[in-house]
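To start, the structure under review is shown below, and the notes come after it.
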Amino acid sequence: VNTLLDKGQDAQKTFGKFVAKTNVIMGNQGDQLDVLSGLYQTISAGITDTADAQTFMAAATKTAVGGSAELSTVILAGTKALASFGLGIGDIDRVMDDFAGTVKAGQTTMGELAASFPTVAGMAGQAGISIEETLGTFAGLTKVLGNSEETATSLSATIRGFIKPTTDMQKVVKDLGFESASSMIKQEGLNKSLRMLNDAVGGDTEKLAKLFPNVRALKAVFPLLGKATED
37 VNTLLDKGQD AQKTFGKFVA KTNVIMGNQG DQLDVLSGLY QTISAGITDT ADAQTFMAAA
97 TKTAVGGSAE LSTVILAGTK ALASFGLGIG DIDRVMDDFA GTVKAGQTTM GELAASFPTV
157 AGMAGQAGIS IEETLGTFAG LTKVLGNSEE TATSLSATIR GFIKPTTDMQ KVVKDLGFES
217 ASSMIKQEGL NKSLRMLNDA VGGDTEKLAK LFPNVRALKA VFPLLGKATE D
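Note that the sequence shown covers residues 37 to 267 in the working numbering.
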């Protein structure tokens with residue numbers, strides 16, 4: 037950790053008490069080396085302010101313990117979420133609460149969610165989808181797809197369909213009055229955009245498949261317009 041700090045700073049003096057306290061919170065799920073490794077990971081991700089790093093670590097530790105997940109995996113998911121959705125350290129409790137809500141609402145564990153969410157976070161953030169809609173959609177899909185990894189892959193492919201639309205998609209989007217598929221999803225959100233596209237093709241599955249030719253995307257699209265809609 038010293039190698040990441042500014043000249044003259046001492047990790048033991050700066051973080052010693054925090055590491056000892058966090059080690060107690062970790063209980064049987066880890067030791068001081070796990071905490072130090074997590075601290076190193078947090079600072080490496082760009083959370084360099086001492087107070088911010090401790091705030092982030094405290095939230096991540098609470099989530100890891102509460103969800104019986106690896107601290108390092110939760111830290112990775114948390115840092116990716118902040119970066120992908122343009123959030124700040126002040127949003128970390130909200131992010132971790134959203135993670136907990138996703139586990140409660142979906143058919144996944146904190147460990148599975150934390151491991152798979154970074155796969156879709158960057159794509160969703162780029163598309164302008166909120167973290168709440170992304171995680172809510174993720175939760176619903178976990179109830180109909182094989183596992184969290186498949187959910188992340190399929191959801192990413194669906195979002196990519198808007199970012200890099202087919203010719204058929206571009207035509208339907210134009211007919212709906214939007215400049216582009218990207219502007220549509222930013223303005224209306226993912227789920228509403230899917231419903232609008234589905235209505236535009238009259239619910240025809242073959243026409244819908246032409247809008248999303250990626251098979252992995254269709255694994256998410258069809259449930260989101262059917263069994264997983266309310267979830």
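Glycine residues also receive a C-beta, built at the ideal position from the N, C-alpha and C atoms.
Since the model is a prediction, treat every value here as computed from it, not as a measurement.
Contacting residues, own chain, Cβ-Cβ under 7 Å from ASN234 (five flanking each side not counted): Residue numbering aside, residue 234 sits at position 198 when the sequence shown is read from its first letter. Closer than 7 Å at Cβ, skipping near neighbours: LEU244, LEU261.
task: Please work out which residues of its chain come closer than 8 Å, Cβ to Cβ, to THR178, disregarding the five sequence neighbours upstream and downstream, and give them in chain order.
output: Within the sequence shown, the letter at position 142 stands for residue 178. Within the same chain, THR178 has close Cβ partners GLY142, GLN143, THR144, SER184, THR187.
- request: Would you mind reading off the limits of the alpha helix (DSSP H) that contains LEU40?
  value: The residue you call residue 40 lines up with position 4 of the sequence shown. Element bounds for LEU40: n/a, residue is neither H nor E.
field: Boundaries (first-last residue) of the alpha helix (DSSP H) holding GLN206
entry: Taking the first residue of the sequence shown as position 1, residue 206 is located at position 170. From DSSP, the alpha helix (DSSP H) with GLN206 extends over 203-211.
- request: Measure how close the beta-carbons of LEU191 and VAL156 come, nearest whole angstrom, since I'm counting them as under 8 Å.
  value: For the purposes of this step, residue 191 is identified with residue 155 of the sequence shown, where counting begins at 1. For the purposes of this step, residue 156 is identified with residue 120 of the sequence shown, where counting begins at 1. The Cβ separation is near 5 Å, so the contact holds.
task: Tell me whether GLY44 is buried or exposed, calling it buried when 16 or more other Cβ atoms sit within 10 Å of its Cβ.
output: As a working note, residue 44 is residue 8 in the sequence shown. GLY44 comes out exposed.
message: On the DSSP letters alone, give me the boundaries of the alpha helix (DSSP H) that ILE61 sits inside.
response: For the purposes of this step, residue 61 is taken as residue 25 along the sequence shown, with counting starting at 1. Start and end: 47-62.
query: Where does VAL251 fall in DSSP's three states?
result: Numbered from its first residue, the sequence shown carries residue 251 at position 215. VAL251: helix per DSSP, three-state reduction.
Cut-off 6 Å between Cβ atoms - residues of its own chain near LEU171, not counting five sequence neighbours on either side: Residue mapping note: residue 171 aligns to position 135 of the sequence shown, counting from 1. Correct list, in chain order: ASP134, THR138.
- prompt: Quick one: any contact between the region 115-131 and the region 92-99, if contact means 3 or more CB pairs under 8 Å?
  reply: yes
- prompt: So VAL156 is in the alpha helix (DSSP H); what residue range does that whole segment cover?
  reply: Translated into positions along the sequence shown, residue 156 becomes position 120. Here the alpha helix (DSSP H) through VAL156 covers 146-163.
Selection from SER152, LEU123, LEU149, ALA151 that minimises the alpha carbon distance to GLY161: Taking the first residue of the sequence shown as 1, we reach residue 161 at position 125. That would be LEU123, whose Cα lies nearest to the Cα of GLY161.
query: Which residues bound the alpha helix (DSSP H) around THR189?
result: The sequence position of residue 189 within the sequence shown is 153, counting from 1. From DSSP, the alpha helix (DSSP H) with THR189 extends over 184-199.
- prompt: Got a sec, what are the start and stop residues for the alpha helix (DSSP H) GLN90 sits in?
  reply: Locating residue 90 in the sequence shown gives position 54, counting from the first residue. It spans 86-102 - the alpha helix (DSSP H) in which GLN90 sits, taken as one unbroken run.
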